Amino acid sequence: MARSPGVRRTGIIALALLVVGVVACAGPTSDSDTSPEPSGAPPGGKVVEVEYAPGLTEELYLPARQGRVPLVVMVPGGGWATADPTGFGGLASDLAARGVAAAPTHIRSAEDEVVYPTPVEDILCATAAAVAELRARGRVARPVAVLGHSSGAQLAALAVLAPGDFSPTCDAPSVETEALVGLSGPYDISQVPDLAATLIGSTPDEDAATWEAANPVLRAAERPEVPVLLLHGDADAVMPVSFTTQFAEALKDEGHPTTVDIVDGADHDTIYTAANAGERVAQWLAGLTAAP
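To convert, count from 1 in the sequence shown and add 23; that's our numbering.
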């Protein structure tokens, strides 16, 4: 959808200033599953801090049940300039209460003086570490999904669709992601070049090949067996719904089982809350878990 330069600049500035989250995650606990339940933990579960790389952590919200559980690694937005996952605390707790392991994840961003592909490699290492931690605690992660909000949704899409492009050095054995959940993402980065330059570290004219490789819409043909859930609020004044519908059409055209849910009344700041995303994500994952 064409937009005037003034409208595009307004949207870019708004997204660049957005820092995801006002709800703090619970702090780390000891390694024993019999330790006291921390504040913010799901009923019957707990939260553990996992260091997936030196100085990089994720908070793993454990469901009470053992055995097979879905896993969602959660990637925050922040206009690729920041990546603070603390706002995911409410959604992570809600998902864990519904039987889903959830891991709000600290990844590096422009404020850490890194550019693409480092943030995607962080996601892949965090995913591997979460799977290993669940296994150590008597749970089998299946399916393994990556969920991202805003700029985090674009990064999550790359981690799921094109993992072969990346060669991260992870402490845990690599795993194959099996599902993608995107919340109000700027998937077609060619539409926000001024902002996405923060991620790429160049302009499209300077490095067209990297811009194409980092555009999830152009990678839709990869891994067509992977199911995708895309949520977007109809009251989102920062990221037009057209970003989600365009990506969905590309995915469907290439054979991805794709579910799109435009959420009434949700905006860019509330699409990732438990009220708007918890039940939707958990039920969708339950359908995947029930599949043979």
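Every residue gets a Cβ at the ideal spot worked out from N, C-alpha and C, and that includes glycine.
As the structure is a prediction and not an experimental result, all values here were calculated from the model.
Segment limits, alpha helix (DSSP H) that includes residue i
i      : result
GLY328 : Any property of residue 328 remains undetermined from this structure, which presents the chain solely from 24 to 315.
ASP284 : Run containing ASP284: none in the alpha helix (DSSP H); it sits in the beta strand (DSSP E), 281-286.
SER265 : 264-276
TRP234 : 231-236
SER116 : 112-120
ILE212 : It is not in any alpha helix (DSSP H) - ILE212 carries neither H nor E in the DSSP assignment.
8 Å Cβ cutoff met for residue i and residue j
i      : j      : result
VAL138 : LEU94  : no
LEU79  : ALA168 : no
VAL198 : ALA151 : yes
LEU118 : GLY301 : yes
ILE146 : LEU178 : yes
LEU203 : VAL251 : yes
THR249 : GLN269 : It should be noted that the sequence gives Val, not Thr, for residue 249. No, the Cβ-Cβ distance between VAL249 and GLN269 is not below 8 Å.
GLU201 : PRO166 : yes
PRO209 : PHE266 : yes
SER207 : ASN238 : no
SER190 : MET262 : no
Backbone CA spacing between residue i and residue j [nearest angstrom]
i      : j      : result
VAL46  : GLY102 : Any reading at VAL46 must be qualified, since the residue scores a pLDDT of 31, below 50, and its modelled position is unreliable; no value is offered.
PRO142 : ASP287 : 31 Å
TYR84  : LYS69  : 6 Å
PRO247 : ASP230 : 27 Å
ASP194 : TYR75  : 7 Å
ALA125 : LEU181 : 19 Å
LEU107 : VAL73  : In the sequence under discussion, the amino acid at residue 107 is Asp, which differs from the Leu named in the question. Looking at the two C-alpha atoms, the distance is approximately 16 Å.
ASP290 : ASP284 : 13 Å
GLY171 : ASP211 : 15 Å
ALA236 : ALA243 : 11 Å
LEU114 : GLY90  : 22 Å
For residue i, the residue or residues it bridges with in DSSP
i      : result
ALA164 : VAL92
ARG81  : Reading the sequence as shown, one finds Glu at residue 81 and not Arg. DSSP output for GLU81 lists VAL73, THR128 as bridge partner(s).
HIS255 : ILE285
MET97  : PRO127, LEU170
Residue i burial status per 10 Å Cβ neighbour count (16 or more: buried)
i      : result
GLY100 : buried
GLU82  : buried
ARG88  : exposed
ARG158 : exposed
GLY175 : buried
ASP228 : exposed
ASP292 : buried
ASP54  : Summary for ASP54: the model assigns pLDDT 32, below 50, so the residue's position carries little reliability; its value from the coordinates is reported in the next sentence. That one is exposed.
PRO77  : exposed
N-terminal and C-terminal residue of the beta strand (DSSP E) that residue i is part of
i      : result
VAL204 : 202-206
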